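Notes follow the structure.
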Amino acid sequence: MKEKIYITRKLPAGIVKKLEGEFNIDMWDQEEEAIPREVLLEKVKDVQGLLCMLTETIDEEVMDAAPGLKVISNMAVGYNNIDVDAATNREIVVTNTPGVLTETTADLTFALMMATARRLVEASDYLRNGKWETWSPMQLTGMDIHGATLGIIGFGRIGQAVAKRAAGFGMNILYYNRSQKPDAERETGARFAELNDVLRESDFISILLPYSEEVHHLISAKELSLMKKTAVLINTARGGIVDEDALYDALKNETIWAAGLDVFEKEPIDPSHPLLTLPNVVTLPHIGSASIATRMKMAELAADNLHNSLVGSGEVKSVNY
Ligand code: DGY
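Numbering (the working numbering), first residue to last: 132 to 452.
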C-alpha cells in the first residue's frame, strides 16, 4: 500500500505530480490561507510524511496526532516552527531547504538595506501623496551605503552572500558569529568582532542568524543603546531575535536612525502595531526568498527531501539525522 503524505499548502501541480506516482497525497487547497490547526491535527492522523510551511507549528501535539509520522519536510531553511527534539525522540526525520534560497535572500536583504538607508518607500509616498513641490537641498536625505561599515550578525550562507554584495559596494564589513570563518573572511574581506563591538562600530547591522531560544531577543534595549544614533538595523532572519518593544522605543526616541524589517515576532504583524506608525521603519511581509525561481526550488527540494527520506535513497537535507 502507498504511504500517505499531507501537504499543508497548495503547491504547483508539477511538484505534486512527481510525488503522486509513489505516494497517496492529500493537500490543503488554499494558497493564501494557512491551514487551521484543527484541520492539520485531523489530517495528519494516518500520514507517514508531512510537507509543511513555516506558518505551521509542528509540536508534540501534532506528532502525537500522527503516530505513523516518519518525515517532516519544512519548505524553508529555518525550522524553528518544528520541535526538532520531540521529533528526534520519536525517530522522525526533519528536513529543510538550505542552499537554494541563499542568493535570493541576500538580494532582498541588500534591497531592504538600500531602501531603508535612502528612504525609498517614504520618498515614493511623498511623491504620490502630492507633497513634492520643489527640489530642496536636504529633502528626504538618507545614509550612504558605499564606504559605510556593515555589521553582519550570523555569518552562515546568507550572511556571507550579503558580505559579497557589500564588498562590491565598497563597504567595510564586520561580522559576529559563534565560530570564526577564515575562508569567508578571505573571500569577502569581512573581519570578525565580538557582538558588542559590531553593534558599536557598524553603520548598518544585518541580522542573519537562525532563530533558537538562545537568541530570543538577542537585540534588546541594551544592544540597541550600544548602536550609533545613525545606525540602520535590518532584520531578514526571524522576528523573535529582536525585542520589538525596545526597537520601537529606540526608533521613536531616535536612539537609532531607522530599521528595515522583513520578519516580525508575530506574523502577520497586526496592522495597528506601533512599529508600523513610524516613518523610519520599512516593513515587508517576510518575502526574503520570494522570487519565482527560488520558491519553485524550495518546493522541489522539500518534495525531494520527503520522497528520498521515505523511499530511503537519494540525498536528504536532514537537520537531525
Ligand atoms: C526560510 O526559508 O526560513 C525563510 O524565512 C523563508 O524562505
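Don't be surprised by glycine CBs; every beta carbon is placed ideally from N, CA and C.
Remember, it's a predicted structure, so these values are computed and weren't measured experimentally.
Item                                                                                              : Value
DSSP bridge partner residues for Val-373 (one or two, in chain order)                             : Ile-350
Per-residue burial, Arg-250 [other beta carbons within 10 Å of its own, 16 or more giving buried] : buried
Cβ-heavy atom distance, Leu-232 to the ligand DGY, below 7 Å                                      : yes
Inside the region 302-348 only - beta strand (DSSP E) runs reaching at least 3 residues           : 303-307 and 335-338
Spatial distance of Thr-414 from Val-293 (CA atoms)                                               : 19 Å
Per-residue burial, Asn-327 [other beta carbons within 10 Å of its own, 16 or more giving buried] : exposed
Any non-hydrogen atom of the ligand DGY closer than 7 Å to Ser-337 Cβ                             : no
Cβ distance (whole Å) where Arg-288 is taken to contact Gly-230 below 8 Å                         : 7 Å
Separation of Thr-361 from Pro-399, as counted between CA atoms                                   : 28 Å
Beta-bridge pairing of Gly-391 - partner residues as DSSP gives them                              : Ile-365 and Val-413
Leu-171 beta carbon near the ligand DGY (any heavy atom closer than 7 Å)                          : no
Spatially closest choice to Val-450 from Leu-181, Ile-156, Gly-209 and Val-175, by CA coordinates : Gly-209
Contact test: Gly-209 Cβ vs the ligand DGY heavy atom, cutoff 7 Å                                 : yes
Check: Ser-420 C-beta below 7 Å from any heavy atom of the ligand DGY                             : yes
CB contact flag (Val-363, Ala-389, <8 Å)                                                          : yes
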